[in-house]
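Undergrad: Sharing a structure, written as structure tokens. Questions coming.
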Amino acid sequence: MTDPLHSPTNTGSSTAPTPELLQQLGQRILSSDMALAIFSPEDTLYFASGEFCRLYGIQPGRQTFDSMVRHCFHTGVGPRFNTDDIDAWLADIHSLRRKTNRRLFEADFIDGRWMLISEFVQDDGWLVLSATDITPIKTEEQTLRRARDTAIIASETDHLTRLLNRGAIMARLDALIVNPTAANQPLLIALMDIDHFKSINDNFGHTIGDAVLQHFCDTMRATVRDSDWLGRVGGEEFLLVMRDTTEDQARKILLRMRDYLQQNPFQNQEAEIYYTFSAGIANWQAQQTLSDLYKAADRALYAAKLDGRNLIRLAKSENVVSNAV
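Numbering-wise, my numbering comes out as the position in the sequence shown, counting from 1, plus 36.
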């Protein structure tokens, strides 16, 4: 006997389906893993497959879209709501629901699954909702996204100190300078160099030298603000970017760093090393290029080293350096 669901008379034919055929179709949907529901024009749940009932925790008796959602919210089943106000959430949903004939969106569920939700509103107001499990796709997306983020971080990070590398911090600084709003915000940079670092390498070896670099980075992290940017721009040379900062504040940050370093020298089982650093501060002026700003800080750093090291100097203008400390 021919299966009526696959009969040629029911494929591409205008013949109305028989009640028996509709009953068989309904039974097959109910017993399948399809998450399917039909809502009346008044948003009463008229039909729900077994998978849909399990997905949303549908209770016996008359249900509306709102009662179904409230049950999910209060019992912790179904989709994640990411809100404490279910009334506001429902108001937002109703501003979208039934506004177009077709709505397609993704939903994150409490049980860890991701579902692609399709809502189709017929001309007479009946709404057909289906949910398709797309968890494998979302998992792959998340894996690729994490891999991309890891690659980006690796490309911007100095492998030894875990600070931003030269390219990354210079790119960030350049983007800050070309921002039209930057002209109204104070911006200072400090170029820092560990004093006599070559002698540390010569006397203790490069392994200890690398450890000193890491120690200096730990010192900087412990004394700068969360809003400041740190980067390694050379062997023992570092750049500190300070936004919304006055010259006096910048000087105090570097003095705090210097005092911390004096009280917390490098120590391990092989050596105890007291070392210092010199710094040049430059205050960005409107229309100044990245190159000009960096050169100003470099001149101030050179002046600090020329004057005896363990000093901080401030670049006041293109060719003038003041004694900060």
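Don't be surprised by glycine CBs; every beta carbon is placed ideally from N, CA and C.
Distance, Cα to Cα, K352 vs Q298?
TA: C-alpha separation (whole angstroms): 28 Å.
Undergrad: Given this structure, state the Cα-to-Cα distance separating L152 from D169, to the nearest angstrom.
TA: Their backbone Cα atoms lie some 6 Å apart in a straight line.
Undergrad: Among W125, L224, D102, which residue has its Cα nearest to the Cα of L329?
TA: L329 has its Cα closest to that of L224, out of W125, L224, D102.
Undergrad: So E240 is in the alpha helix (DSSP H); what residue range does that whole segment cover?
TA: Here residue 240 is Phe; the residue named in the question, Glu, does not match the sequence. Unbroken alpha helix (DSSP H) run through F240: 233-240.
Undergrad: Going by C-alpha distance, which of I289, Y311, R198, W150 is nearest E177?
TA: Ranking I289, Y311, R198, W150 by Cα distance to E177 puts W150 first.
Undergrad: Identify whether Y27 lies in helix, strand or coil by the three-state DSSP scheme.
TA: Outside the shown range of the chain (37 to 361) lies residue 27, about which nothing can therefore be said.
Undergrad: Give the single residue among G270, I244, G316 whose Cα lies nearest to the Cα of E306.
TA: It is I244.
Undergrad: Go ahead and pull the three-state DSSP assignment for N220.
TA: The answer is helix: DSSP assigns N220 an H, G or I state.
Undergrad: Where does Y82 land, buried or exposed, given buried means 16+ other C-beta within 10 angstroms?
TA: Burial call: exposed.
Undergrad: Looking at the secondary structure, which residues open and close the alpha helix (DSSP H) in which F88 lies?
TA: That run of the alpha helix (DSSP H) goes 86-92.
Undergrad: In three-state terms, what does DSSP make of P115?
TA: DSSP places P115 in strand when its eight states are reduced to three.
Undergrad: Less than 7 Å between C-beta atoms, sequence neighbours within five positions excluded: which residues of the same chain meet that for L275?
TA: For L275, where only same-chain residues beyond five positions count, the Cβ hits under 7 Å are I205, I225, L227, G267, V269.
Undergrad: Do you know how far the Cα of A73 is from the Cα of Q95?
TA: In a straight line, the C-alpha of Q95 is about 14 Å away from that of A73.
Undergrad: For Y338, does the three-state DSSP call read helix, strand or coil?
TA: Helix.
Undergrad: Between A336 and the rest of its own chain, which residues show a CB-CB distance below 7 Å, the 5 nearest in sequence each way excluded?
TA: Within the same chain, A336 has close Cβ partners G316, I317, A318, R349, L350, A351, V357.
Undergrad: Leaving out the 5 sequence neighbours to the left and right, which residues in its chain are closer than 7 Å to P222 when beta-carbon positions are compared?
TA: Answer for P222: D280, T281, T282, listed in chain order.
Undergrad: With a threshold of 16 other CB atoms inside 10 Å of the CB of S314, please say whether the residue is buried or exposed.
TA: Buried.
Undergrad: Please state whether the Cβ-Cβ distance between A155 and R139 is less than 8 Å.
TA: For the record, residue 155 in the displayed sequence is Glu; it is not Ala. Yes, the pair counts as a contact, with Cβ atoms nearer than the cut-off.
Undergrad: Quick one: what does DSSP say M37 is sitting in, helix, strand or coil?
TA: For M37, the predicted model reports a pLDDT of 37, less than 50, meaning its position is unreliable; a value from the coordinates is still stated below. Coil at M37, not helix or strand.
Undergrad: For the beta strand (DSSP E) that G203 lies in, which residues bound it at each end?
TA: Careful: G203 lies outside any beta strand (DSSP E), inside the alpha helix (DSSP H) at 202-213.
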